[in-house]
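In the UniProt record's numbering, the protein residues as written are 1 to 93.
Encoded structure:
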């Protein structure tokens with residue numbers, strides 16, 4: 001659409017991805033989400049949804065913030081390791 005000179009003007013934005021996909025499956029709206037999320041939700045939706053790549057691609061940035069020179073506890077390090085591994089796995093789907 002942008003390459004044709006248009007812009008998207010959403011009438012409403014839904015933060016909950018499951019709700020957004022359910023609304024889209026009912027044919028009321030479109031939804032923009034990662035293909036991996038759509039695949040996981042597909043069997044739970046009232047109708048099938050299909051995906052198409054966006055050009056240019058959209059990317060989310062994530063950061064883990066802590067105080068400089070802070071010593072992170074082992075549980076916090078483990079949570080960070082799990083989060084990083086999960087995001088890498090999702091990126092590969």
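Note that the Cβ used here is the ideal one computed from N, Cα and C, for glycine as well.
With burial defined as no fewer than 16 other Cβ atoms inside 10 Å of the residue's Cβ, what is the status of residue i: buried or exposed?
{"i": "residue 22", "result": "buried"}
{"i": "residue 20", "result": "buried"}
{"i": "residue 24", "result": "buried"}
What are the start and end residues of the alpha helix (DSSP H) that includes residue i?
{"i": "residue 36", "result": "35–41"}
{"i": "residue 88", "result": "74–92"}
{"i": "residue 23", "result": "17–25"}
Is it the case that the CB of residue i approaches a heavy atom of the ligand HEM more closely than 7 Å?
{"i": "residue 11", "result": "The ligand HEM is absent from the structure shown, which contains no ligand whatsoever."}
When you compare only the Cα positions, how much space is there between residue i and residue j?
{"i": "residue 17", "j": "residue 86", "result": "18 Å"}
Residue i and residue j look like a contact to me (Cβ under 8 Å); what is the Cβ gap, rounded to whole Å?
{"i": "residue 26", "j": "residue 38", "result": "Not really, about 15 Å apart at Cβ, beyond 8 Å."}
How do the segment 71–81 and the segment 48–57 stand: do at least 3 beta-carbon pairs fall below 8 Å, yes or no? no
Answer yes if the segment 66–74 comes into contact with the segment 30–44, meaning at least three C-beta pairs across the two stretches below 8 Å, and no otherwise. no
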